Ligand code: FES
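Residue numbers (our numbering): 2 to 150.
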């Protein structure tokens with residue numbers, strides 16, 4: 002696939018998650034809540050996680066933000082549900098590395114194993130948008146830390 006076609010595909014994936022977010026809403030019952038703002042624009046995410054025996058059993062989010070921040074939240078919830086906390090954090094680190102334009106494959110995961118997240122690769126070329134893309138992931142890392150306390 003040519004670079005331009007890939008770019009168009011990625012843009013479509015991002016807009017699909019923005020317009021039809023996965024796991025948007027509120028969790029019922031016991032759960033962890035983390036609310037974070039993007040300090041540069043004031044947009045926010047309210048992330049809820051249900052973690053049991055070290056497994057992320059469910060995740061939902063609410064909030065307002067740009068297409069990058071909201072699609073990233075949607076993709077993040079999709080990929081972490083069912084994973085153990087250690088793997089969820091590992092994937093979050095991979096995502097941060099991807100935003101810094103670094104090599105992201107690890108012994109456990111390759112970028113192509115992570116589905117739609119790949120679509121956000123291009124954000125690394127726009128430093129001002131990196132905070133948009135990483136907002137939901139930071140909230141997730143803080144949430145699973147709360148679970149440890
Ligand atoms: Fe506010 Fe992206 S511009 S989160």
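All C-beta atoms in this analysis are idealised placements derived from N, C-alpha and C, irrespective of residue type, glycine included.
If you're wondering where the values come from, they're calculated on a predicted model, not measured in any experiment.
{"Check": "CB contact flag (residue 100, residue 81, <8 Å)", "Outcome": "no"}
{"Check": "Residue 63 versus 54, 23, 77, 48, residue with shortest Cα-Cα distance", "Outcome": "48"}
{"Check": "Start-end ranges of the beta strand (DSSP E) lying completely within the region 41-95, minimum 3 residues", "Outcome": "45-53, 56-65"}
{"Check": "Any non-hydrogen atom of the ligand FES within 7 Å of residue 44 CB", "Outcome": "yes"}
{"Check": "Residue 123 Cβ short of 7 Å to the ligand FES heavy atom set", "Outcome": "no"}
{"Check": "Residue burial classification, residue 23 (beta-carbon count within 10 angstroms, cutoff 16)", "Outcome": "buried"}
{"Check": "Any non-hydrogen atom of the ligand FES closer than 7 Å to residue 39 Cβ", "Outcome": "yes"}
{"Check": "Bridge partner(s) assigned by DSSP for residue 38", "Outcome": "45"}
{"Check": "CB of residue 70 within 8 Å of CB of residue 137, strictly", "Outcome": "yes"}
{"Check": "Cβ-heavy atom distance, residue 10 to the ligand FES, below 7 Å", "Outcome": "no"}
{"Check": "Test item: CB-CB of residue 102 and residue 125 under 8 Å", "Outcome": "yes"}
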